[in-house]
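Report on the structure given below.
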Amino acid sequence: MGFLKKIFGSSGQDNRPISGSSDSQGIYFYVQCDRCGAPVRLRADKQYDLINESGGYVWHKTIVDSRCFRPMPTVVYLNSAYEVTSHEITGGRYITREEYEALLTPTNTLPSEP
Ligand SMILES: [Zn+2]
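Count the sequence shown with my numbering and you get residues 1 to 114, in order.
Encoded structure:
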């Protein structure tokens, strides 16, 4: 009954937009620099980095990548459940964690498929 395993085996794909909370105290953001294309991962601490504002939170940060060092000022708005409601960034763009990991991995090394 291999086909049944295939059908029921792959489930539970959650689809987070630009942030993921893999530790209880921090929120992770993934940004790509517009100028050099370098991916940057950032951690915002819920307790120390987020500013409480009108029932939600605001995160102000000037992101600097490690390749061209151009500052990318950003403001992220979150609701009380720490979910991103809107974001602004200059000099870069928000990407998903999958895109970030794909940018870190060189595309010329493809996995060997049977
Ligand atoms: Zn850059």
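By construction, the Cβ of each residue, glycine as well, lies at the ideal position given by its N, Cα and C atoms.
Does ligand 1 have even one heavy atom less than 7 angstroms from the beta-carbon of residue i?
i, result
"Arg70", "yes"
"Arg93", "no"
"Asp65", "yes"
"Arg43", "no"
"Ala38", "yes"
"Arg97", "no"
For residue i, list the residues DSSP reports as bridge partners.
i, result
"Ile101", "Checking the sequence shown, residue 101 turns out to be Glu, not Ile. Glu101 is not bridged to any residue."
"Thr74", "Lys61 and Ile89"
Starting from residue i and walking both ways along the beta strand (DSSP E), at which residues does that stretch end?
i, result
"Asp45", "Pro39 to Asp45"
"Gln32", "Gly26 to Cys33"
"Ile95", "Careful: Ile95 lies outside any beta strand (DSSP E) and carries neither H nor E."
"Glu83", "Taken as a continuous stretch (DSSP letters only), Glu83 belongs to no beta strand (DSSP E), as it is neither H nor E."
Helix, strand or coil: how does DSSP classify residue i here?
i, result
"Gly55", "coil"
"Asp49", "coil"
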